[in-house]
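**Student:** Take this structure first; my questions come after.
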Amino acid sequence: SIAASDVLVCREEKFRPQIHFSVPENWANDPNGLVYYDGEYHFHYQYHPGNPNNGPKSWAHAVSTNLVTWTDLPVAIEPDHLGDIWSGSAVVDHENTTGFQQDPDIAPIVAIFTHSGSSQQQSIAYSLNKARDYVKYEGNPVLPNNIYRDFRDPKVFRYENKWVM
1 SIAASDVLVC REEKFRPQIH FSVPENWAND PNGLVYYDGE YHFHYQYHPG
51 NPNNGPKSWA HAVSTNLVTW TDLPVAIEPD HLGDIWSGSA VVDHENTTGF
101 QQDPDIAPIV AIFTHSGSSQ QQSIAYSLNK ARDYVKYEGN PVLPNNIYRD
151 FRDPKVFRYE NKWVM
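If you want it as structure tokens, here you go:
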């Protein structure tokens, strides 16, 4: 259960929502990469860290143990030569089907997102430390695209021992 005192310490600004997540500053958009792992809810979202207006998009990150109080973490995935980091999803690879896992006690968290640059392509990044840091996969984009203008927002889930996008 959530104690009343937990609600009051969420944010202390007069007009800031006290129950729903809100970004500490600047521009934010779509929620992405919503996963639960090892006692924490992970909330990634599109973010422009340098400005309150729309601009180069990154994935920012916050965690919670109760979905009421949130801890803001550093930007998780930043733009690169392939483009901005647009919408996507994340999965916990409990069975190490990706082969990324290095510590047998920590499953990789894999972010699947749209790189939006000269075209929109699907890429991945993975974390080996409970989503505190991400490494972009060196084989990005994993799903190239030079045909469709709007080719974005990959949603990935596990079904009958297979990953589905």
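Residue numbers (full-length UniProt numbering): 1 to 165.
Even glycine gets a Cβ: it sits at the ideal position worked out from N, Cα and C.
Please read all numbers here as calculations on a predicted model, not as lab measurements.
#1: Could you tell me whether the stretch 35-46 touches the stretch 56-70, using the rule of 3 or more Cβ pairs below 8 Å?
#2: Using the Cα positions of residue 17 and residue 23, report the straight-line distance between them to the nearest angstrom.
#3: Is residue 82 helix, strand or coil when you go by DSSP?
#4: Can you list, in chain order, the residues of its chain with a C-beta nearer than 7 Å to that of residue 4? Leave out the 5 residues immediately preceding and following it.
#5: Check this for me: beta carbons of residue 70 and residue 51, under 9 Å apart or not?
#6: Can you tell which of 165, 99, 54 has its C-alpha closest to the C-alpha of residue 107?
**Tutor:** According to the structure shown:
#1: yes
#2: 10 Å
#3: coil
#4: Caution is warranted here: a pLDDT of 42 is assigned to residue 4, below 50, making its placement in the model unreliable, and the coordinate value is therefore given only provisionally. Result list for residue 4: empty, nothing under 7 Å.
#5: no
#6: 99
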